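Those protein sequence lines, which keep their order, are chains A and B.
Just so we're aligned: 38 in our numbering is position 38 of the first sequence, and the numbers increase by one with no gaps anywhere.
Position in the second sequence (from 1) plus 284 gives the number in our numbering.
Even glycine gets a Cβ: it sits at the ideal position worked out from N, Cα and C.
Keep in mind that this is a model prediction, so the values were computed, not measured.
Report on the following structure.
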Amino acid sequence: MNKKEFGQFMGFNLLRMCFFIVLLTLAVISFDIISKGIKAINWEFISTMPRNGMTEGGVLPAIIGTIMVTVITAILAVPLGMGCAIYINEYANNSKITRLIRMSIRNLSGVPSIVYGLFGVVLFVQFMHLGTCILSSGLTLGLMTLPWTITASEEALKSVPNSYRYGSLALGASKWQSIRTNVLPYAIPGMLTGTILGLARAAGETAPILFTGAAFYLPFLPKSLFSQFMALPYHLYIMSTQHHSISKVRPLAYGTALVLIALVFLINFFAIILRYHLRKRRME
Amino acid sequence: MDIKIRADKFNFFYNETMALKNISMNIFKNTVVGIIGPSGCGKSTFLRSINRMNDVIFGARHEGDILIDGENIYDKDIDVVGIRRRIGMVFQKSNPFPKSIFDNVAYGLKINGIKDRSYIAQKVEKSLQDAALWNEVKDRLSKSAFDLSGGQQQRLCIARALAVEPEVLLMDEPASALDPTATLKIEELIHELKSKYSIIIVTHNMQQAARISDYTAFFMMGELLEYDITSKVFTKPSKKITEDYITGRFG
């Protein structure tokens, strides 16, 4: 083996090793959660209230709570994020100020979620007097998801070639017509996918809902958007660190983890299906 | 002959760089004007100034006027969108939209508010015929425009531009990426279209300029050095530098 071939061999195998390390880690985590969680899962677990200080029963209120909060998050983050991305990418001049704003948005997506949680307490719970409730938590998660949504949507818009924009402008389209008919149709699949992945991430967050509305133990369903609620990630946190008999509820904690992962997976799966259908429609 | 387009002491800047210097020229109705010159001489910039496509470039500004039928297209109150509809443009790289062949040609009609389906169908057929593409695509109008060959795609873009009935057609090296057969087709097409439109075509190909244009403009370093009847520019240019460029001594 000469030097060049050796380099090739080493390069290839190093990269392959990286791949397998990642794959292995994912496989171990998935196997651990599924094998231990599957025992706890049955119809009763996902359809009933927790009982007996959460040592028995199901996680229905946590499932409902997480879904409701995620819907609020989507209502805030999806239209606002997409609109903002369209403005930044299509209308705003490429000046120093826009570059600064763009950079700030990217940095915001790296701000720890606990910081958003504190911000949510100050803005929604206290200043706007919404109290600790589903609405406050959803809005806080919405704020946290916005930078993600904006960045993903912007990337999707950037991937539409300028020749589509110029082509339609040259035919006498107004700027908005050009965007609506010759840019958005090709950017929407990417925008939606990125956005939904952001929502999936929000659904699994604990810190932002910790202070803004999630409750320790509420064995009934939320009555309105102004109720406190149980949420899967927070429930999991309680079960695995705060409960009075942690080892006893360990199987329930694993079950909760599995339900949460399944929910996030479901959202991602929905994103993939949606993208597939939108792409197919576009080709026709 | 009637003047269709008139540039009057037109200067153009990209930020601080002056791309066009004091361009004054008259372009007549129903003629083909070939614009030649070395790369970066301002040919394309001038072309894009005529339908205000330079507006989309950040930091672009101009001085002087360009008039179409005596109307200043840089007037404050002018409807830029309307100007672009009246002045069609074919880009250097063919840019079909990811739609069907039919929808590509119909696009300009639809965005200009035309809803009558039978009229659109009629217009699509007519435009494709005018662009000498109809016979090749009439059986697959609903297929994606991306399935066409490079030469067909460029003719599709010409058909798309013709569909909105422009008065002037700007072509930025429309045949630069095409093989000789496809190029010949486009050249024949330009010859036919001249009866209805004024055509301004940027080209790097001297023979092409000599073949298809009635007038030839020679640009260099942002200046219009020579502009006359094509046969005169190619046989008895008034400037030595024009001759040097045409005969291939530089550029």
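Chain A contact residues for Ile395 (chain B), given Cβ-Cβ distances below 9 angstroms: As a first step, residue 395 (chain B) is located in the second sequence; it is residue number 111 there, counting from the start. Identification of chain A residues near Ile395 (chain B) by a Cβ-Cβ cut-off of 9 angstroms yields Ser168, Leu171, Gly172, Ala173, Ser174, Gln177, Ser178, Thr181, Asn182, ordered along the chain.
- prompt: Mind checking Trp148 (chain A): buried by the 16 CB within 10 Å criterion, or exposed?
  reply: To locate residue 148 (chain A), count along the first sequence from 1; it is residue 148. The residue in question, Trp148 (chain A), is buried, as its Cβ has 16 or more Cβ neighbours within 10 Å.
- prompt: With a cut-off of 7 angstroms, does the C-beta of Asn379 (chain B) fall near any C-beta of chain A?
  reply: Residue mapping note: residue 379 (chain B) aligns to position 95 of the second sequence, counting from 1. The C-beta of Asn379 (chain B) comes closer than 7 angstroms to at least one C-beta of chain A.
message: To the nearest angstrom, how far is the alpha carbon of Trp418 (chain B) from that of Glu409 (chain B)?
response: What you label residue 418 (chain B) is simply residue 134 of the second sequence in a count that begins at 1. What you label residue 409 (chain B) is simply residue 125 of the second sequence in a count that begins at 1. Taking C-alpha positions only, Trp418 (chain B) is separated from Glu409 (chain B) by approximately 7 angstroms.
field: CB-CB length for Leu440 (chain B) against Pro380 (chain B), believed under 8 angstroms
entry: In the second sequence, the residue the question calls residue 440 (chain B) occupies position 156. In the second sequence, the residue the question calls residue 380 (chain B) occupies position 96. The C-beta distance from Leu440 (chain B) to Pro380 (chain B) rounds to 6 angstroms, short enough to fall under 8 angstroms.
- prompt: Does any CB atom of chain A fall closer than 7 angstroms to the CB of Ile530 (chain B)?
  reply: Residue 530 (chain B) sits at position 246 when you count from the first residue of the second sequence. It does not; no Cβ of chain A falls within 7 angstroms.
- request: Kindly list, in the order they appear in chain A, the residues whose Cβ is closer than 7 angstroms to that of Phe342 (chain B).
  value: If you number the second sequence from 1, residue 342 (chain B) lands on position 58. The contacting residues are Asn93, Asn94.
Under 7 angstroms between C-beta atoms of Gly190 (chain A) and Gly37 (chain A): Position 190 of the first sequence, counting from 1, holds the residue named residue 190 (chain A). Position 37 of the first sequence, counting from 1, holds the residue named residue 37 (chain A). Against a cut-off of 7 angstroms, the Cβ pair of Gly37 (chain A) and Gly190 (chain A) comes out as no contact.
task: From the DSSP output, in three-state form, read off Met302 (chain B) for me.
output: Mapped onto the second sequence, residue 302 (chain B) falls at position 18. Shown here, Met302 (chain B) sits in a strand according to DSSP, grouped into three states.
- prompt: Under 9 angstroms Cβ-Cβ, which residues of chain B neighbour Tyr164 (chain A)?
  reply: Reading the first sequence from its first residue, position 164 is the one you call residue 164 (chain A). Below the 9 angstroms Cβ cutoff, chain B contributes Asn379, Phe381, Pro382 as neighbours of Tyr164 (chain A), in chain order.
- prompt: What is the DSSP secondary structure of Thr500 (chain B), counted as helix, strand or coil?
  reply: Walking along the second sequence from the start, residue 500 (chain B) turns up at place 216. Thr500 (chain B): strand per DSSP, three-state reduction.
query: Hey, quick one: how far does the alpha helix (DSSP H) through Val517 (chain B) stretch, first residue to last?
result: Within the second sequence, residue 517 (chain B) is the residue found at index 233, counting from 1. Start and end: 514-519.
query: Is the beta carbon of Ala501 (chain B) less than 7 angstroms from the beta carbon of Ile357 (chain B)?
result: Stepping through the second sequence from its first residue, residue 501 (chain B) is reached at position 217. Stepping through the second sequence from its first residue, residue 357 (chain B) is reached at position 73. For Ala501 (chain B) and Ile357 (chain B), no; Cβs fall outside 7 angstroms.
message: Under DSSP, the alpha helix (DSSP H) around Glu155 (chain A) begins and ends at which residues?
response: Counting from one through the first sequence, the residue named residue 155 (chain A) turns up at place 155. 134-158 is the span of the alpha helix (DSSP H), which, as asked, contains Glu155 (chain A).
task: In the DSSP assignment, find the unbroken alpha helix (DSSP H) run with Leu462 (chain B) in it and report its ends.
output: In the second sequence, counting from the first residue as 1, residue 462 (chain B) sits at position 178. From DSSP, Leu462 (chain B) is part of no alpha helix (DSSP H); its letter is neither H nor E.
task: Answer yes or no: the CB of Gly372 (chain B) versus the heavy atoms of the ligand COA, is any distance below 6 angstroms?
output: As far as ligands go, the structure on display features none, and thus does not contain the ligand COA.
- prompt: Quick one: what does DSSP say Glu284 (chain A) is sitting in, helix, strand or coil?
  reply: Residue numbering aside, residue 284 (chain A) sits at position 284 when the first sequence is read from its first letter. Below a pLDDT of 50, predicted positions are generally treated as unreliable, and Glu284 (chain A), at 49, falls in that range; no measurement from the model is reported.
query: Quick one: what's got a C-beta closer than 6 angstroms to Val364 (chain B)'s C-beta in the same chain, skipping five residues either side?
result: As a position in the second sequence, residue 364 (chain B) is number 80, starting the count at 1. If we look at Val364 (chain B) and ignore the five residues flanking it on each side, its Cβ neighbours are Arg336.
query: Can you find a C-beta in chain A that's less than 7 angstroms from the C-beta of Val408 (chain B)?
result: Stepping through the second sequence from its first residue, residue 408 (chain B) is reached at position 124. Output row for Val408 (chain B): interface = no.
message: Contact criterion: CB-CB distance below 7 angstroms. Does Val365 (chain B) meet it with respect to chain A?
response: Residue numbering aside, residue 365 (chain B) sits at position 81 when the second sequence is read from its first letter. For Val365 (chain B), a Cβ of chain A is located within less than 7 angstroms of the residue's own Cβ.
message: Between the alpha carbons of Ser308 (chain B) and Leu199 (chain A), how many angstroms are there, rounded?
response: Working through the second sequence from its first residue, we reach residue 308 (chain B) at position 24. Working through the first sequence from its first residue, we reach residue 199 (chain A) at position 199. The straight-line gap from Cα to Cα measures roughly 58 angstroms.
task: Less than 8 angstroms between the CB atoms is what I'm expecting for Gly287 (chain A) and Ile114 (chain A), so what's the real figure, rounded?
output: Nothing about residue 287 (chain A) can be reported from this structure: the residues present for chain A run from 1 to 284 only.
message: Would Met455 (chain B) pass as an interface residue toward chain A - the criterion being a Cβ-Cβ separation below 7 angstroms?
response: Taking the second sequence and counting its residues from 1, the one referred to as residue 455 (chain B) is at position 171. Not a single C-beta of chain A is nearer than 7 angstroms to the C-beta of Met455 (chain B).
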